[in-house]
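Protein chains: 2
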Amino acid sequence: MKESELSKPNTTILKIGGSVITDKNGELAARTQVIDRLADETQRAGLKNLIIIHGGGSFGHPAAKEYALKEGLKNGNQLIGFAETHHFMTVLNGLVMDSLITHGVPAVSVTPSSCVTTENGRIRSFEDAPLRMLVKMGFLPVLYGDTVVDTQLCFTILSGDQLVSALALRFNAERIIMGVDVDGLYNADPKAEKSAKFSPHLTLSEVRKLKDNIAKPTASDVTGGMFGKITELLPVVEQGIPVSIVNATKPNYIYKALRGERTGGTSIEKE
Amino acid sequence: MKESELSKPNTTILKIGGSVITDKNGELAARTQVIDRLADETQRAGLKNLIIIHGGGSFGHPAAKEYALKEGLKNGNQLIGFAETHHFMTVLNGLVMDSLITHGVPAVSVTPSSCVTTENGRIRSFEDAPLRMLVKMGFLPVLYGDTVVDTQLCFTILSGDQLVSALALRFNAERIIMGVDVDGLYNADPKAEKSAKFSPHLTLSEVRKLKDNIAKPTASDVTGGMFGKITELLPVVEQGIPVSIVNATKPNYIYKALRGERTGGTSIEKE
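If you're matching them up, the sequences are chains A and B in order.
Position 103 of the first sequence, counted from 1, bears residue number 88 in our numbering, the numbering being contiguous throughout.
Position 181 of the second sequence, counted from 1, bears residue number 166 in our numbering, the numbering being contiguous throughout.
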């Protein structure tokens, strides 16, 4: 079988937030039962042409913040911090891979820092030939937020959310599922406005308004929280790729979302 | 600090054989004390512009052989074998990284399958921008033999030895240190010829003769054993890059080799 003989995929991109698979208040605190449940849901959904991207949670954010990695190279002490943060992310990724493979899913990790460079924090080059071939052959590639080299800053943090956006555009994805630890989006910040209502559906223009209204990321989230997610997703929705925000902490919600069923979350479409 | 301001390296490439850091007769049997000793030796040597590549041993070879991964995609059952083998390699690599970082070395893993494609088993493309930037910034990149996608075979095994050769040529390396579990090379196969003598020094033409004479790889070694090593190293020695074959199972031999001291192994030079 040659690469050229393999068919073109209609890709689904599934993001699993770091706050879903880790306890963000702990340190290197993986929720292994959640990881196993999500691996089982992924296996049962049996989707072709799926790419998973997961966040860092308590494996990525604490060390990244301690060493101020996002701001780039300022002093030599940060080198060990970069090394540690990348290593911790590979450990979390290893738990995810172990669970997927144990469930019989032919999942292959793709290491962002090995194939991506950024420029001032935005993806500059992305060698995606291995990734494309893995998808075509029927593997499930798994990527994650990672420490990366940067042509201006020397290094920085590449969020899983930026990867979601970049891959959705590169693969002209059919849809994006954002697995998070909340039910979805409100039409305003529910902590600031009591009249805020849950939004089962949002259009591009409604999301733009919401973005101006939403809480800025908390200090512990180096990659931007829900505000960062929406910022990354806007260009994708503009391209006509629909996004479903799904509570991945609830059993079977990711399974249903993968199967194309409603889960009571928020769907975002261009119009 | 911008990337362009960083100086050009004179790279040393250190290969650590899978038979050094794992028990090849076991299954997923890491020699963690050896890994820790080598991390300590690496830290003490304090070398700049070093790249480490390690083999798979009992983490890579058994599954790769069971699923006949080197021969490429023949049937769908191999997909899970590819996924497993890559995952096992990341687990072994994780032990190496954990030890290096614990010893204070800013080591960063670079995943071959994420940045390399092969064609009929030979490297076809290698996105080495992240790797080059890591070296320039003072990180210690660590690569390993891995499962990779192949434009003709769909996938195959990329040996750590092929990576050594490719990186030595790409980085115009100053020297290569091959850490193995024997003392070095003989002028003939010591198992076949009683008169075989240990060779402290070999020239390119002597190595070519030896290659015709040496034992072919055993079935358990999917990537070619000493025969494969010599085959990969010939073009590098032709380019004038010297190779030291060093017994990495003996304490301080790798430390000495990194420091440029003699270790009683075999050195190979063009003339």
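Note that the Cβ used here is the ideal one computed from N, Cα and C, for glycine as well.
From a predicted model like this one, the values you see are computed outputs, not experimental measurements.
Beta-carbon proximity list for residue i, same chain, < 8 Å, skipping 5 on both sides
i: A/Glu51; result: Gly66
i: B/Val90; result: Ala24, Thr27, Gln28 and Leu125
i: B/Val222; result: Leu189, Val192, Val228, Ile253, Glu254 and Lys255
i: B/Thr134; result: The identity of residue 134 of chain B in the sequence shown is Val, whereas the question assumes Thr. So the qualifying residues of the chain are Ser98, Thr102, Thr103 and Phe140.
i: B/Glu56; result: Leu138 and Thr141
Neighbouring residues, chain A, relative to residue i (Cβ below 7 Å)
i: B/Ala92; result: Ala68
i: B/Ser144; result: Within 7 Å Cβ-Cβ: nothing; B/Ser144 doesn't reach chain A, min ~17 Å.
i: B/Ser99; result: Val95, Thr96, Ser99, Cys100 and Pro115
Sequence-distant residues of its chain with Cβ nearer than 7 Å to residue i (five each side left out)
i: A/Arg109; result: Thr102, Thr103 and Thr136
i: A/Arg247; result: none
i: B/Leu(-9); result: Residue confidence for B/Leu(-9) is low, a pLDDT of 45 falling below 50, so the modelled location carries little weight and cannot support an answer.
i: B/Thr(-4); result: Asn34, Ile36, Val120, Phe156, Ala158 and Glu159
i: B/Ser43; result: Thr7, Asp8, Lys9, Gly11, Glu12, Leu13 and Ala14
i: A/Asn47; result: The sequence given here has Pro at residue 47 of chain A, not Asn. Taken in chain order, the residues that qualify are Glu12.
i: B/Lys182; result: Tyr171 and Asn172
i: B/Ser150; result: Glu217, Leu218, Pro220 and Val221
i: A/Ile226; result: Ala153, Ala158, Arg160 and Ile161
i: B/Ser84; result: Ile20, Asp21 and Ala24
i: B/Leu32; result: Thr(-3) and Leu243
i: A/Met(-14); result: Low confidence applies here, because A/Met(-14) scores a pLDDT of 42, under 50, leaving its location unreliable and the question unanswered by this model.
i: B/Val76; result: Phe44
Contacts that residue i makes with chain A (C-beta to C-beta distance below 8 Å)
i: B/Phe44; result: Here the premise fails: no neighbours, minimum Cβ distance about 13 Å.
Residue i to residue j span [Cα, whole Å]
i: A/Arg22; j: B/Met74; result: 25 Å
i: B/Ser252; j: B/Leu187; result: 6 Å
i: A/Asp146; j: A/Glu217; result: 6 Å
i: B/Gly41; j: A/Ser94; result: 17 Å
i: B/Cys139; j: B/Ser180; result: 45 Å
i: B/Asn62; j: A/Val127; result: 20 Å
i: A/Asn237; j: A/Asn78; result: 22 Å
i: B/Gly245; j: B/Thr17; result: 26 Å
i: B/Asp166; j: B/Ser184; result: 16 Å
i: B/Tyr240; j: B/Ile20; result: 13 Å
i: A/Val81; j: B/Met163; result: 33 Å
i: A/Gly250; j: A/Ile230; result: 6 Å
i: B/Lys0; j: B/Leu148; result: 9 Å
i: A/His72; j: A/Thr132; result: 9 Å
i: B/Ala258; j: A/Asp197; result: The requested residue 258 of chain B does not occur in the structure, where chain B is confined to residues -14 to 256.
i: A/Ile199; j: A/Gly2; result: 18 Å
i: B/Lys59; j: A/Leu64; result: 43 Å
i: A/Gln224; j: B/Asn232; result: 57 Å
i: A/Ala114; j: B/Lys194; result: 39 Å
i: B/Cys100; j: A/Cys100; result: 5 Å
i: A/Ala92; j: B/Leu116; result: 24 Å
i: B/Ile215; j: A/Ile215; result: 54 Å
i: B/Ala30; j: B/His88; result: 12 Å
Partner residues on chain A for residue i, Cβ-Cβ distance less than 9 Å
i: B/His71; result: Met82, Val93 and Ser94
i: B/Met118; result: Thr102, Val134, Asp135, Thr136, Cys139 and Phe140
i: B/Thr75; result: Thr75, Asn78, Gly79, Met82, Ser94 and Thr96
Closer than 7 Å at the beta carbon, the chain B residues around residue i
i: A/Ala114; result: Thr102 and Ser110
i: A/Ile89; result: Note on identity: in this sequence residue 89 of chain A is Gly, with Ile being the wrong assignment. Residues of chain B passing the Cβ test: Ile65.
Contacts that residue i makes with chain B (C-beta to C-beta distance below 8 Å)
i: A/Glu130; result: It is worth fixing the name first, because residue 130 of chain A is Gly in this sequence and not Glu. Under the 8 Å cutoff, chain B gives no residues; its nearest Cβ is about 15 Å from A/Gly130.
Within chain B, the residues that residue i reaches when beta carbons sit closer than 9 Å
i: A/Ile86; result: Ile65, Ala68, Glu69 and His72
Assumed close pair residue i, residue j - CB separation to whole angstroms, cut-off 8 Å
i: A/Leu243; j: A/Thr141; result: In fact, because the Cβ distance is near 31 Å, the residues do not count as touching under 8 Å.
i: A/Ile(-2); j: A/Ile38; result: 7 Å
i: B/Gly106; j: B/Gly45; result: 15 Å between Cβ atoms; not a contact.
i: B/Glu112; j: A/Glu112; result: 3 Å
i: A/Thr96; j: B/Thr96; result: 4 Å
Cut-off 6 Å between Cβ atoms - residues of its own chain near residue i, not counting five sequence neighbours on either side
i: A/Ser4; result: Gly42 and Asp166
i: B/Gly169; result: Ile230, Gly250 and Thr251
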